[in-house]
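Those protein sequences? They're chains A, B and C, same order as listed. For the first sequence, the numbering used here gives the first residue as 3, with consecutive numbering after it. For the second sequence, the numbering used here gives the first residue as 54, with consecutive numbering after it. For the third sequence, the numbering used here gives the first residue as 152, with consecutive numbering after it. Glycine included, C-beta positions come from ideal geometry on N, C-alpha and C. As the structure is a computational prediction, the values presented were derived from the model and not from experiment. Heads up: the structure comes next, in structure tokens.
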Amino acid sequence: MIDVRGASAVALADGVRAGKWRARDVVDRYLDRIARLDPALGCYLLVDAAGARRQADAVDAAQKAGRDPGPLAGVPLGIKDIFCTRGVETTCASKILRGFVPPYESTATTRLGAAGAVSLGKLNMDEFAMGSSTENSSAGPTRNPWSPAHVPGGSSGGSAAAVAASLCAGATGTDTGGSIRQPAALCGVVGMKPTYGRVSRYGVIAFASSLDHPGPFGRTVEDAAALLEVMAGPDPLDATSIPQPVGAYRQAARAGAAGLAGVRLGVPTEYFQAGMDPEVETSVRAAIDELARAGAKIVPVSLPHTKYAIATYYLICTAEASSNLARFDGVRYGHRTAQARSLDELYAKTRGEGFGAEPKRRIMLGAYVLRAGYYEAYYGKALRARRKIADDFSAAFAGCDAIVTPTSPVPAFKFGERSADPLQMYLADVYTVAPDLAGIPALSQPCGLTRAGLPIGLQTIGPALGEEICFRVAGAFEARTDWHQQLPPDAAP
Amino acid sequence: MSVNDYEVVIGLEVHVQLATRSKIFSWSSAAFGGDPNSHTDPVCLGLPGTLPVLNRAAVDSAVRLGLAAGCTIRTRCRFARKHFFYADLPKGFQISQFDEPICDGGAIKFRLHGELRSVALTRIHLEEDTGKNIHAAAGVSFVDYNRAGVPLCEIVSEPDIRSAEEAAEYVRAVRALVRYLGIGDGNMEEGSLRCDANVSLRIRGAAAYGTKAEIKNMNSFKNVRDAIEHEIKRQATILDRGERVAQETRLWDPARGVTQSMRSKESAHDYRYFPEPDLPPLVVTEAELAAFRGSLPELPEDRFARYTGSVGLSPQDAGVLVADHEIASYFDAVVSAGAPPKRAANWLINEVLARAADPRRLGDADLPVPPPALAELVKLVEDGTLSGKLAKDVFARMWTERRTAGEIVKAEGLAQVSDSSALEAICQRIVAAHPEEVARVHNNPKLIGFFVGAVMKETGGKGNPKAINDILRRLLGPASS
Amino acid sequence: MARIGPEEVRELATLARLQLSEEEVARMTGDLAAILDYVDALRALDTTDVEPMTHAVPFDCPLRADRVAPSLSVEEALANAPRREGSFFEVPRIVPVAGAPEDES
């Protein structure tokens with residue numbers, strides 16, 4: 003039997019499909035690792051061992067009976083707790099949703115299940131995906147497998163850490179301002195945020211609706227591509243779902259190995275400026291050199307409105323969040339205050355008790371910027387700035403096929419280092435928010451380690467529906483380097 | 054000052070539930086009623102992670118309503134979130150339309166005392182309905198979300214209405230339009246048509262509007278009239294005292310016949326509208342608009358013009374007929390089955406409508422007297438086979454026994470005697486038998502009635518009164534005419 | 152742009168139905184002021200004649216056919232309700248408020 007530590011999802015699926023090993027055994031090994039290692043890491047909010055074994059047995063039965071067990075046969079996945087899972091508690095790491103058991107399943111996880119993937123359980127995150135460190139979880143933080151004193155990034159910190167620590171073979175995440183790519187970078191795994199609308203948002207608890215991008219985490223570029231190929235596609239339950247058919251992502255990822263001849267890679271000057279950690283800059287510049295050696299032509303591009311991205315992002319995401327979080331009121335589901343004499347008191351106390359500090363801050367800021375007298379100055383202005391930021395990318399892609407940048411200006415930081423100052427935390431997203439605002443695909447992959455042994459991420463940004471070029475570039479880099487094979491220590495007690 | 058020194062200014066917001074099968078943004082049933090919380094789905098319950106997907110039938114209905122009211126239809130409109138907290142509102146916001154509604158402008162046309170009125174519309178927009186709160190006794194309220202997500206068109210008028218009566222007629226006209234188009238049933242009692250009124254007064258001749266109060270909870274035409282009338286008096290009394298009308302929302306209490314302030318902690322609402330990120334802009338193409346235009350039914354005002362014009366009906370009768378799509382269609386069917394229009398209108402208004410429990414059921418297949426049956430009866434009267442009086446009896450039996458006029462006449466031998474030779478003989482006999490009366494009839498022409506009655510008695514009531522009259526006048530000489 | 156004080160923070164908290172302690176109000180006032188200062192940078196950006204980008208997708212609103220699919224059962228609908236009475240969700244007694252749709256009484 004294969005050692006699942008560091009195993010790739012596609013290799014596991016191939017083995018199950020070929021009958022080389024049983025899905026049940028694969029799942030049991032992951033469950034065993036979770037039992038041993040997760041208490042120290044805190045990746046999982048909920049482990050559904052019985053459900054996982056049941057799904058694995060069904061895959062094995064299909065395989066044995068000669069039926070196609072699916073492209074992801076027996077691949078054990080962790081599911082970010084923002085994806086609604088039928089019959090399995092879904093909380094968004096918030097006290098206000100404690101005990102909520104959805105009577106429906108998200109489209110993305112439905113598709114993963116139909117492809118043979120097995121859900122091991124629900125992964126930790128910043129409450130309602132609001133944060134960059136997973137310190138904002140009501141269940142307590144997740145630790146970075148590379149260093150327990152450091153954050154895993156966020157908001158999908160549980161997902162990135164679980165994949166890094168081989169507590170699942172792949173994971174789902176959501177990216178609103180960088181919540182897939184930044185933790186992927188800080189934990190040394192691959193995270194892919196596809197084009198907005200490429201993966202359905204149905205059943206994914208909304209943070210900022212016009213910015214929420216569900217996507218996959220993988221150990222390798224091809225793993226992420228394989229997961230995305232299944233998760234993506236038109237969905238009649240999401241009016242913003244893209245109708246075009248899904249691309250051949252795995253093939254694109256493998257094609258990278260043949261080099262990048264004819265590919266023009268843009269490097270934006272605005273993404274290499276003050277505030278960047280020198281070790282990050284060194285690694286990312288080295289990675290770009292490697293891509294050049296793979297045959298790519300490196301061209302300078304300019305994204306002049308980058309400096310407005312964080313402000314634009316925070317105005318839009320807080321406005322939408324304040325609206326999306328209005329439904330959590332203690333009437334139909336979730337937490338409800340023990341004592342309320344009136345409806346307004348029920349709302350105010352339920353919400354005051356149920357939400358953590360960061361959602362409260364964003365609800366307040368969002369309510370502020372949407373107020374009648376302020377709308378144009380704040381929200382309206384931000385929507386116009388968003389257009390200019392998106393236009394920057396369109397202009398840049400006229401001269402290049404993809405853009406390469408650092409994912410995060412800094413490697414993983416220590417717990418508490420930034421949590422006291424919300425603005426400092428927001429600035430951690432400086433390189434990731436713009437692709438979210440533009441709705442274009444972007445991928446992070448490991449491209450180095452600091453001297454302290456913390457991962458560094460390389461971001462590849464593509465044009466709208468340009469997932470394939472992102473996978474091809476990332477596949478090329480992965481084929482020529484071994485950063486993706488670096489594993490954090492198994493910190494077994 | 055008296056109420057008459059003030060000009061009344063009224064604007065109405067009418068909410069019309071659209072009779073779609075499923076809800077505006079999700080798949081559960083939009084039907085009225087049902088056990089509490091039995092018509093729900095994750096979307097209309099506002100469960101986390103769910104998303105709205107727009108129902109084509111709701112859009113089509115709004116576009117047709119807009120075209121019928123002469124609105125400009127936006128080829129590109131938007132949905133927006135309107136935020137407020139209430140137990141029957143599952144998401145903490147209502148998906149509505151704000152600065153880019155589907156329809157702009159237009160007007161509702163109707164007749165007030167025979168005079169054509171045209172009340173301009175500000176807009177018509179699409180939105181979702183809320184659930185229902187039920188106020189229980191013991192310190193709690195209950196919530197039923199069956200109605201949450203039922204599609205609504207909100208029709209907003211300009212402040213062009215000048216009396217309570219006109220307001221009621223406006224709402225009636227909206228209901229007629231909705232029913233003509235078949236997009237809703239406009240039932241105020243069931244809440245499928247709801248009306249809020251903004252009422253203010255100003256001294257006649259003043260340019261500026263007075264402070265308005267918003268009146269809610271008027272669930273019948275009578276309520277609309279009574280509530281607004283009461284509100285006008287209330288405001289006039291306040292203004293007469295030199296005081297100011299408070300800008301507030303007031304609830305009509307039909308049992309007590311008063312409006313009452315709905316005190317709220319929040320003095321001003323801030324709905325924090327912003328474009329609904331889950332729904333891209335809605336586009337209606339020119340080609341779709343052209344198709345909808347071509348398929349609109351004949352509307353109440355057009356029908357009214359036709360009835361009072363080429364058909365030759367009185368405005369009063371035409372008004373009754375066009376009030377409901379089903380009445381007008383029934384009338385048209387009776388006429389096309391060969392009945393003369395004026396008689397057909399009289400029979401329909403005086404007999405059919407007097408018996409039909411609900412005018413909207415006139416199109417039902419099991420109606421006791423369907424249009425061809427009424428046409429047959431009217432024709433029997435027209436050709437003299439039945440007297441008007443007999444025909445009324447026959448109609449009553451048609452309605453209760455579900456038989457045709459022909460069957461009843463034949464079975465009961467009710468055909469009117471119009472045969473002039475038979476009548477002539479009877480008339481001669483009667484005249485001959487009453488010489489005293491014949492002598493007096495020359496001084497007292499009204500005595501002819503005595504002879505008519507005697508002849509009718511002889512014929513068992515089946516004599517044609519007109520024919521009898523003609524014969525008797527001839528026999529009794531010129532003085533009797 | 153307008154700066155924010157504790158009074159406005161309390162007002163916003165009422166609007167957002169969020170009970171905040173005095174400590175939270177104080178902290179929130181500082182946080183919001185700092186964030187608003189930061190986003191003021193946007194004022195430097197000329198957005199004249201720029202169409203607001205409300206959606207990240209270029210297509211029009213798709214429409215669904217008017218078809219009814221199975222409802223949640225009453226039990227499923229109420230399964231997560233913190234308080235229920237029979238087939239209803241239960242809330243504290245509502246005194247009708249202005250601005251909300253009409254009520255049954």
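Asked: Using a Cβ cut-off of 7 angstroms, pull out every chain A residue sitting near C/Ala167, in sequence order please.; Found: Ser324, Ile365, Met366 and Ala369
Asked: What residue range does the alpha helix (DSSP H) around B/Trp400 cover?; Found: Pro394 to Trp400
Asked: Applying the criterion that 16 or more other CB atoms from any shown protein chain within 10 Å of the CB defines a buried residue, is B/Ala507 buried or exposed?; Found: buried
Asked: What does the alpha-carbon distance come out to for the pair A/Leu99 and A/Cys86?; Found: 11 angstroms
Asked: Could you say which of A/Val61, A/Ala54, A/Ile36 and A/Leu39 lies nearest to A/Gly21 if we only look at CA atoms?; Found: A/Val61
Asked: Round the Cβ separation of A/Leu43 and A/Ala163 to the nearest angstrom and send it over; I've been treating them as touching at under 8 angstroms.; Found: 6 angstroms
Asked: Hey, out of B/Gly466, B/Asn403, B/Ala115 and B/Ile256, whose CA is closest to B/Arg346's CA?; Found: B/Ala115
Asked: For a test of the three-state rule: what should DSSP assign to B/Leu525, helix, strand or coil?; Found: helix
Asked: Kindly identify the DSSP beta-bridge partner or partners of B/Ile187.; Found: B/Phe195
Asked: Roughly how many angstroms lie between the CA atoms of B/Ala308 and B/Arg297, to the nearest whole one?; Found: 27 angstroms
Asked: Does any CB atom of chain A fall closer than 8 angstroms to the CB of B/Asp113?; Found: no
Asked: When the cut-off is 8 angstroms and only beta carbons count, does C/Leu223 lie next to chain B?; Found: yes
Asked: By the 7 angstroms beta-carbon criterion, what residues does the region 263-274 of chain B contribute toward chain C?; Found: Lys269 and Asn270
Asked: Do A/Val248 and A/Ala226 have their CB atoms nearer than 8 angstroms?; Found: no
Asked: So which residues on chain A does C/Glu227 lean against when the C-beta distance must stay under 7 angstroms?; Found: Pro105
Asked: Among all the DSSP beta bridges, which residues are the ones paired with A/Ile98?; Found: DSSP, once it has assigned bridges, lists no residue as partnering A/Ile98.
Asked: Using only the alpha-carbon positions, how far apart do A/Asp16 and A/Ala187 sit?; Found: 27 angstroms
Asked: Any beta carbon of chain C sitting closer than 8 angstroms to that of B/Arg74?; Found: yes
Asked: Which residue or residues does DSSP assign as beta-bridge partners of A/Leu451?; Found: A/Pro457
Asked: Determine which residues of the region 322-342 of chain B have a Cβ less than 7 angstroms from any Cβ of chain A, and write them out in chain order.; Found: Asp323, Arg325, Phe327, Pro330, Asp331, Leu332 and Pro333
Asked: I'd like to know whether the C-beta of C/Phe240 is nearer than 8 angstroms to at least one C-beta of chain E.; Found: In the displayed structure, chain E is absent; the protein chains listed are A, B and C.
Asked: At a Cβ threshold of 8 angstroms, is A/Arg446 touching chain C?; Found: Correcting the residue type first, residue 446 of chain A is Ser in the shown sequence and not Arg. No, A/Ser446 does not count as interfacial toward chain C.
Asked: Which chain B residues are close to A/Ser108, counting only those with a beta carbon under 9 angstroms from its beta carbon?; Found: Gly102
Asked: Along the chain, where does the alpha helix (DSSP H) that runs through B/Gln481 open and close?; Found: Ser473 to Ala486
Asked: Roughly how many whole angstroms lie between the Cα atoms of B/Val405 and B/Leu420?; Found: 10 angstroms
Asked: If we ignore side chains and look at the alpha-carbon of each, how far apart do A/Thr314 and B/Asp238 end up?; Found: 47 angstroms
Asked: With three or more beta-carbon pairs closer than 8 angstroms as the criterion, would you say the region 64-81 of chain B touches the region 233-247 of chain B?; Found: yes
Asked: What does a CB cutoff of less than 8 angstroms around B/Ala189 pick up in its chain, not counting 5 residues either side in sequence?; Found: Phe195
Asked: Smallest Cα separation from A/Glu281: which of A/Thr242, A/Pro457 and A/Ser446?; Found: A/Pro457
Asked: Pick helix, strand or coil for B/Gln150, following the three-state DSSP scheme.; Found: coil
Asked: For the beta strand (DSSP E) that B/His378 lies in, which residues bound it at each end?; Found: Segment His378 to Ser389 is the alpha helix (DSSP H) holding B/His378; no beta strand (DSSP E) there.
Asked: Hey, which unbroken runs of the beta strand (DSSP E) at 3 residues or more fall wholly within the region 214-285 of chain A?; Found: 215-220 and 266-270
Asked: How far does the beta strand (DSSP E) with A/Pro302 in it reach, from first residue to last?; Found: Lys299 to Val303
Asked: Beta carbon of A/Pro443, beta carbon of A/Glu469: below 8 angstroms?; Found: yes
Asked: Whose Cβ in chain A lies nearer than 7 angstroms to the Cβ of C/Glu202?; Found: Arg389
Asked: Can you list the residues of chain B that A/Asp240 reaches, using a CB-CB cut of under 7 angstroms?; Found: Leu104
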